[in-house]
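Residue numbers (the working numbering): 127 to 595. Even for Gly, the Cβ is constructed at its ideal location relative to N, Cα and C. Before any comments, here is the structure.
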Ligand SMILES: Nc1ncnc2c1ncn2[C@@H]1O[C@H](COP(=O)(O)OP(=O)(O)OP(=O)(O)O)[C@@H](O)[C@H]1O
Ligand SMILES: [Mg+2]
């Protein structure tokens, strides 16, 4: 199974959900803190209002009683009714001097908030800031009522409220992620099927199809996938059929060409050699100096006939169908060993019976081997070329077989500027036309290797029908 790069869709979506949830949670916490600060502000403002009104009343009472000695400011009464932990209440004269102040004690048992939270809260809300209300007497400001809350108390209160919320959120978040991941795994399970289907198509298994899915989007993808696979299978089988026809026409053309060459060219060469022989006889009697030329003509004609025989052999292989693939290949190997005089030595190993394979398979395999051996002789610089042909059963009940062809040579590193020519192209087309697979690795340190796998129907009837056609 290929290891695909990039993060997993489920993980990425879960992370996104987690990020959004964190943002939501942060927003909720923020909202809670702002609301808490707002209500504290409102409370302080109310106390400041009460204190200022009280002081104004007190001042007006003093002025009314015209009793300058009586106590002022006298915040006791206000302090008693509004005091809360950390709340401070004071009167500041116009000179800025605090003349009286009350502060509520702090609760000793409350845990201090984490430093980070305290710093952030102080920066965001400035919890210690004062709320001031002027104290007016006879239209004159005589001072101001100042109210504030100890910032530490406010920060602790805020942490106490927000902390609980955050604790809940911290528990809820992993749970939410787990639920989201599980839901996504379930919803995205079909994507694995889609991926497996794509891998099967990529591996050449065009029978792969996808079942209908619950999710409309995935079902739509499945439909398109099946439609494309169908089209691809049709296109490929059309192409294979066309290639096969092309190869049949090509082979037919080669056979015809071979016949023409043999009949026309071969005959002429034979005639030339005969003429040279008779000219030689004449020369022996009448003009010995011409002997050498006559021999030269005869030799050239012989060489040309040799070359022609080689060309005819390549154009019109022996009747593979008549001789059978195994015997034809053994003949081919013998032919190469004859021509190469053991440099390189060509060897063959055949496993299984090839009597009942369709003619098109044997003819194409023969051609593939022919080209591969020519390449090995031409390009490899090898000392040994090994041909292995094996018939393998692929279905336990013998329903179908496959032919495995392997050609290896111990040649040196091939042409660094390796480029495919007609030979390899022709081999690939023939294998494709037979619905098989071909791999070729040239120029490794230990020579080149060609691998061909061709499926064949195991049943005799199919072969017979093909032969009759
Ligand atoms: N057995 C081999 N060992 C080393 N190199 C090889 C072998 N077979 C093929 N090659 C390399 O692969 C290239 C392509 O081979 P291909 O048969 O397609 O073309 P070609 O043999 O050069 O020409 P042609 O079209 O006549 O066959 C060759 O040029 C050669 O470099
Ligand atoms: Mg070639």
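query, result
"Close Cβ partners of residue 459 (< 7 Å) along its chain, the five nearest in sequence each way excluded", "472, 474 and 513"
"Bounding residues of the alpha helix (DSSP H) (the contiguous stretch that carries residue 377)", "342 to 386"
"Near ligand 1: residue 436 beta-carbon under 7 Å from a heavy atom", "no"
"Run of the beta strand (DSSP E) containing residue 214, from where it starts to where it stops", "213 to 219"
"Alpha-carbon to alpha-carbon, residue 415 and residue 464", "36 Å"
"Check: residue 567 C-beta below 7 Å from any heavy atom of ligand 2", "no"
"Distance between residue 371 and residue 589 (C-alpha atoms, nearest Å)", "Note that residue 589 scores 49 on pLDDT, short of 50, meaning its location in the model is unreliable; the coordinates nonetheless yield the value given after this. Using only the alpha carbons, I get a separation of about 18 Å."
"Any non-hydrogen atom of ligand 1 closer than 7 Å to residue 548 Cβ", "yes"
"CB of residue 431 within 8 Å of CB of residue 395, strictly", "yes"
"Between the CA atoms of residue 553 and residue 382 - distance to the nearest angstrom", "21 Å"
"Bridge-paired residues (DSSP) for residue 266", "263"
"Residues bridged to residue 226 (per DSSP)", "217"
"Cut-off 8 Å between Cβ atoms - residues of its own chain near residue 256, not counting five sequence neighbours on either side", "272, 273 and 274"
"Cβ contact (3+ pairs, closer than 8 Å) linking the segment 239 to 251 and the segment 261 to 271", "no"
"Residue environment, residue 578, which counts as buried when at least 16 other CB atoms sit within 10 Å", "buried"
"Cβ contact (3+ pairs, closer than 8 Å) linking the segment 276 to 291 and the segment 152 to 165", "yes"
"Other residues of its chain near residue 171: CB distance less than 7 Å, five sequence neighbours each side excluded", "257"
"DSSP-derived helix/strand/coil call for residue 483", "coil"
"Check: residue 555 C-beta below 7 Å from any heavy atom of ligand 2", "no"
"Interface flag, residue 492 vs chain D, CB-CB below 8 Å", "Although the question refers to chain D, the structure presented lacks it and comprises just one protein chain."
"Three-pair Cβ contact test at 8 Å for the segment 489 to 500 versus the segment 546 to 564", "yes"
"Limits of the alpha helix (DSSP H) - the one that residue 277 falls within", "277 to 328"
"Residue 581 in three-state terms, based on DSSP", "strand"
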